[in-house]
Amino acid sequence: MTRLRSVAITVNNQEYKREVEPRMLLSDFLRHELGLTGTHVGCEHGVCGACSILFDGESARSCLMFAVQADGHAIRTVEGLSADEDHLHPIQQAFWEAHGLQCGFCTPGILMSLIPFLEKNLDPTEEEIRHALSGNLCRCTGYQHIVDAVKLAAERMR
Amino acid sequence: MKPAPFEYFCPDSIDQALDLLSEHGDEARILAGGQSLVPAMNFRIQQPAVLIDINRVPDLDYILEEENVLRIGAMTRERQLEFSDLLSQQAPLLHESVPFIAHPQIRNRGTIGGSLVNADPAAELPALMLALNARLKVRNNSQERWIEAPEFFIGMFTTALEADEILLEIALPVMAERTGWSFMEVAPRSGDYALMGVAALVTMGEDGKCEGAKLVYLNAGDGPLEAKEAANILLGEKISDDLIQSAAEHGSEHEITPFGNVHASPEFQRHLAQVLTKKTLTQAVRRAEERKQ
Ligand SMILES: Cc1cc2nc3c(=O)[nH]c(=O)nc-3n(C[C@H](O)[C@H](O)[C@H](O)COP(=O)(O)OP(=O)(O)OC[C@H]3O[C@@H](n4cnc5c(N)ncnc54)[C@H](O)[C@@H]3O)c2cc1C
Ligand code: FES
Ligand code: FES
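Here the protein sequences come in this chain order: A and B.
First residue of the first sequence: 1, per the working numbering; consecutive thereafter.
First residue of the second sequence: 1, per the working numbering; consecutive thereafter.
If you want it as structure tokens, here you go:
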């Protein structure tokens, strides 16, 4: 085993200090070290998008980064979306109401990809929405309801 | 799968990174955006003993213009290219092609330098470098040199970069006057690697005749491929649909060597090349004429 390294990573506004092997993927760090299993792992090679998180505010694949790379950086995961246990984030609420999920495996990655997208544009066209979703695979809902949910979320957040 | 163990260095200067690279040689890999290297490590196709992460080296991400030359730092993220006003004005061909690369989440991390050193024959940026007459600045711990794009890409996933060298900068001339551009590709899904892609540049003279033309294909052989003969068909001529048709036929039949993959046979790739050549040349000529006025 290679030497462990200390990291201090801020996740959902809370700082975590841990000792990790350099080869530990950020996705595994979130899930196994911190127990934040909302970040899903589908393919581990960048294709499915289930592991998407925010890295310093921008969406990124947590399966294509090492935890050591996040040292000193700010991560946001799906657990950090809602303000408290009783209130969903408007995007989550819209996904619920518009049937934007079935099994929910893809949902955390989709939500985390949509946060920066809607921050920049609260009046997206359907084409822009589909482009923004192109990096996230859903195997059961079909994309139509997901697109509807994004439209609903954008409308409410305007 | 999980990557094999490796030793991790995170230098904070380029000199340190170069020293580490010369010390560890072939055993080491530079980690840029990680969007090609990390998947390969997760699959254990690559098992470097040492990773040199250059994400904390300052001043490697920039897009500047100096004396009609655009200078782009190797660590500039694909996403920065996509949102650069300077590129949209001075290198619209490059600017327009970036959204075809992967997905937003990948472009947020992936770098221009990483894509060029990775030299995937299906990647957009290597083809664009050929189309735009780019020069690449590379350095080891004792010297710096410039490599012209055609000499840089020497084969599938292979470049002229030596094991102890780091790519630092890409330089390209701003787009010439009276020049039109076009980039198109066909991919199974938006963001997937293209089955075929074409970049075209056309310069039209005051007299309405073609003064310069360039055609570059991606995923058409073991690296980005320039079709010089097809482009020459247009030179010195007034452009007509028939002429564009001949160039498209020549390029797609004689100047590319597509291998085919699970989604497309080589014949289908040649068909795509012909259709895309026609479309890109038509759009480039129209844009050149608009820019003349
Ligand atoms: C799902 C998915 C889809 C994709 N689709 C596309 C696509 O459609 N088109 C496309 O072009 N690309 C695509 N990519 C690849 C993406 O564009 C990569 O980001 C890019 O090819 C590599 O850039 P990087 O900065 O991530 O490099 P890394 O993965 O960090 O490095 C790649 C290689 O280059 C070396 N390297 C990197 N920078 C330097 C440097 N400055 N000096 C010396 N060596 C260096 C590394 O050692 C490594 O060998 C896709 C990737 C994924 C995961
Ligand atoms: S698990 Fe990261 S993209 Fe699929
Ligand atoms: S809801 Fe099941 S994969 Fe998308």
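The beta carbon of each residue, even a glycine, is placed where N, CA and C say it ideally should be.
It should be emphasised that the depicted structure is a prediction, and the values quoted were computed from it without experimental measurement.
Residue interval of the alpha helix (DSSP H) (run including residue i)
i, result
"VAL47/A", "Unbroken run through VAL47/A: none, as it is neither H nor E."
"GLY251/B", "241-254"
"GLU79/A", "It is not in any alpha helix (DSSP H) - GLU79/A carries neither H nor E in the DSSP assignment."
"ILE129/A", "126-132"
Cβ of residue i within 9 Å of any chain C Cβ
i, result
"ASN136/A", "In the structure shown, chain C does not exist; the protein chains are A and B."
Residue burial classification, residue i (beta-carbon count within 10 angstroms, cutoff 16)
i, result
"PHE43/B", "exposed"
"THR257/B", "exposed"
"MET112/A", "buried"
"THR2/A", "exposed"
"THR28/A", "Per the sequence presented here, residue 28/A reads as Asp, with Thr not at that position. ASP28/A should be labelled buried."
"ALA8/A", "exposed"
Amino acids of chain A, ordered along the chain, whose beta-carbon sits closer than 9 Å to that of residue i
i, result
"LYS2/B", "ARG23, MET24, LEU25, ASP28, GLU44"
"PHE43/B", "GLU44, HIS45"
"ARG109/B", "PHE55, GLU58, ALA60, ARG61, LEU64, MET65"
Bounding residues of the beta strand (DSSP E) (the contiguous stretch that carries residue i)
i, result
"GLU19/A", "14-20"
"VAL98/B", "That residue, VAL98/B, is in no beta strand (DSSP E); it is neither H nor E in DSSP."
"PHE55/A", "52-55"
"VAL216/B", "210-218"
"ALA10/A", "Note that residue 10/A is Thr in the sequence shown, not Ala. It spans 5-11 - the beta strand (DSSP E) in which THR10/A sits, taken as one unbroken run."
Cross-chain neighbours of residue i in chain A, by beta carbon under 8 Å
i, result
"SER190/B", "ARG130, HIS131, SER134"
Chain B contact residues for residue i, given Cβ-Cβ distances below 9 Å
i, result
"VAL68/A", "TYR8, CYS10, ASP53"
"SER247/A", "Any answer about residue 247/A is impossible in this case: the structure gives chain A only from 1 up to 158."
Neighbour list for residue i in chain B, Cβ cutoff strictly below 8 Å
i, result
"GLY49/A", "HIS103, GLN105"
"ARG5/A", "TYR8"
Within chain B, the residues that residue i reaches when beta carbons sit closer than 7 Å
i, result
"THR2/A", "PRO5, PHE6, GLU7"
Contacts that residue i makes with chain A (C-beta to C-beta distance below 7 Å)
i, result
"GLN35/B", "GLY46, LEU64"
"PRO39/B", "HIS45, GLY46, LEU64"
Chain A contacts made by the stretch 72-86 of chain B, where a contact means CB separation under 7 Å: none
message: Taking 8 Å as the cut-off, does the stretch 140-154 of chain A touch the stretch 16-32 of chain B (at least 3 CB pairs, one atom from each stretch)?
response: Too few Cβ pairs lie closer than 8 Å, so no.
Query - Validate contact between the stretch 170-180 of chain B and the stretch 68-83 of chain B using beta carbons, cut 8 Å, 3 pairs - result: Put simply, the stretch 170-180 of chain B touches the stretch 68-83 of chain B. At least three CB pairs are less than 8 Å apart.
Would you say the stretch 50-58 of chain A touches the stretch 81-96 of chain A, given that touching needs at least three Cβ pairs under 8 Å? no
I'd like to know if the stretch 63-72 of chain A and the stretch 23-41 of chain A are in contact, where contact means that at least 3 CB-CB pairs between them fall below 8 Å. yes
Does the structure place the stretch 128-142 of chain A close enough to the stretch 181-199 of chain B that three or more beta carbon pairs sit under 8 Å?
yes
Counting Cβ pairs, one atom from each stretch, are 3 or more of them under 8 Å apart for the stretch 7-15 of chain B and the stretch 124-132 of chain B? no
Select from the stretch 89-114 of chain B all residues with a C-beta closer than 8 Å to any C-beta belonging to chain A, and list them in chain order.
-> PRO99, ALA102, HIS103, PRO104, GLN105, ILE106, ASN108, ARG109
Notebook entry, point to check: Quick one, which residues of the stretch 247-268 of chain B are near chain A if we go by CB-CB under 8 Å, in chain order?
Noted result: Answer set for the stretch 247-268 of chain B: empty.
What are the residues of the stretch 77-104 of chain A that lie near chain B, defined by any Cβ-Cβ distance shorter than 7 Å?
-> none
*Does the stretch 201-214 of chain B come within contact of the stretch 236-247 of chain B, defined as at least 3 CB pairs closer than 8 Å?*
yes
Practice task
Determine which residues of the stretch 172-187 of chain B have a Cβ less than 7 Å from any Cβ of chain A, and write them out in chain order.
Solution key: none
| query | Looking at C-beta atoms only, is the number of pairs between the stretch 9-18 of chain B and the stretch 73-83 of chain A that lie closer than 8 Å three or more? | reply | no
Is it the case that the stretch 112-121 of chain B contacts the stretch 221-231 of chain B, given that we only count it when at least three CB pairs across the two stretches are under 8 Å? yes
With contact counted as at least three CB pairs below 8 Å, one residue from each stretch, are the stretch 199-206 of chain B and the stretch 276-292 of chain B in contact?
-> yes
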